[in-house]
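Asks: All letters in the sequence shown, in the order written, are residues 25 to 99 by our numbering.
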Amino acid sequence: MATKRHSKTWEQQAKYYEVDNIAEYMIETYLNGNISTYRELYREFKPAGRRLFISWLFHTELNRTEIEKMILATL
25 MATKRHSKTW EQQAKYYEVD NIAEYMIETY LNGNISTYRE LYREFKPAGR RLFISWLFHT
85 ELNRTEIEKM ILATL
């Protein structure tokens, strides 16, 4: 059984999942309907990484409704 990942930085997550930008990967995961995977990815961040991700969401080209849904999915 694999161990759960906790308290990881953006860089560690991007390297682990072999992506250039972990935030973009998370958004694509959410938009593809994999909400539970998106939620797990969010929970793997350190608290500072979680705040950074939420802040980053507001600077994307997503509409406010999608951003709100993504934030609520993290709770």
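Note that CB positions come from ideal geometry on N, CA and C, so glycine has one too. If you're wondering where the values come from, they're calculated on a predicted model, not measured in any experiment.
#1: If you reduce the DSSP assignment to three classes, tell me which class residue 70 lands in.
#2: Taking a contact to mean a Cβ-Cβ separation below 8 angstroms, would you say residue 66 touches residue 98 in this structure?
#3: What residues match up with residue 32 in a beta bridge as DSSP calls it?
#4: On a CA-only basis, which of 56, 40, 37 is nearest residue 90? Give me that one, please.
#5: How many Å lie between residue 43 and residue 64 at the Cα?
#6: Are the CB atoms of residue 51 and residue 38 within a distance shorter than 8 angstroms?
#7: Between which two residues does the alpha helix (DSSP H) containing residue 48 stretch?
Replies: Checking against the coordinates, here is how it stands:
#1: Coil.
#2: yes
#3: 69
#4: 56
#5: 16 angstroms
#6: no
#7: 46-55
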